[in-house]
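Shown next, in the form of structure tokens:
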């Protein structure tokens, strides 16, 4: 499946988060040295192995990647999590409806990344991504900043390294 997404920092949280669907995410990376990435993830009650690699893009308006997801059973997930590079990334993801049938995926991190939050939006096309007008609560576009990629975040030792980039 092709994934076309943009990532933004947060200016302010959008009202009462309890009104939105929340999914707890726990993930680790078996390969963090670039592309492709190989990730194991618990997404709510699902266990997933994903293989993701960057695709060439014509507009450079969004991150465009090919992603293949395979279901895992809990036992396989636990086994693979013992083999990850770096640290476990844990977050709560809130699914917030936007105009034009888009969904903001607001990630609020926990554990060693506590204090970090950003939002991603997936698009049907690069043209839709290029024409996207973010809501007022979105902050700076960090789509192409590698410091905000989850694989990179799994390798840092202190969230202050990232929070200092936000200021």
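Residue numbers (our numbering): 96 to 262.
All C-beta atoms, glycine included, are put in the ideal place defined by N, C-alpha and C.
Write down the C-beta distance between residue i and residue j rounded to the nearest angstrom, noting that I regard them as a contact closer than 8 Å.
i	j	result
residue 187	residue 100	Actually they do not touch by this definition, with Cβ atoms about 19 Å apart.
residue 165	residue 143	7 Å
residue 176	residue 135	6 Å
For a quick check, are the C-beta atoms of residue i and residue j less than 8 Å apart?
i	j	result
residue 198	residue 190	yes
residue 133	residue 146	yes
residue 149	residue 97	no
residue 255	residue 156	no
residue 137	residue 121	yes
residue 258	residue 242	no
Starting from residue i, trace the beta strand (DSSP E) in both directions and tell me its first and last residue.
i	result
residue 202	198–204
residue 190	180–192
residue 234	233–236
Taking DSSP's pairing of strands, which residues face residue i in a bridge?
i	result
residue 159	99
residue 143	136, 166
residue 212	203
In the DSSP assignment, find the unbroken alpha helix (DSSP H) run with residue i in it and report its ends.
i	result
residue 115	Taken as a continuous stretch (DSSP letters only), residue 115 belongs to no alpha helix (DSSP H), as it is neither H nor E.
residue 222	221–225
residue 256	255–261
Three-pair Cβ contact test at 8 Å for the stretch 173–187 versus the stretch 241–254: yes
Count the C-beta pairs between the stretch 210–230 and the stretch 99–114 that are closer than 8 Å, then say yes if the count reaches three, no if not. yes
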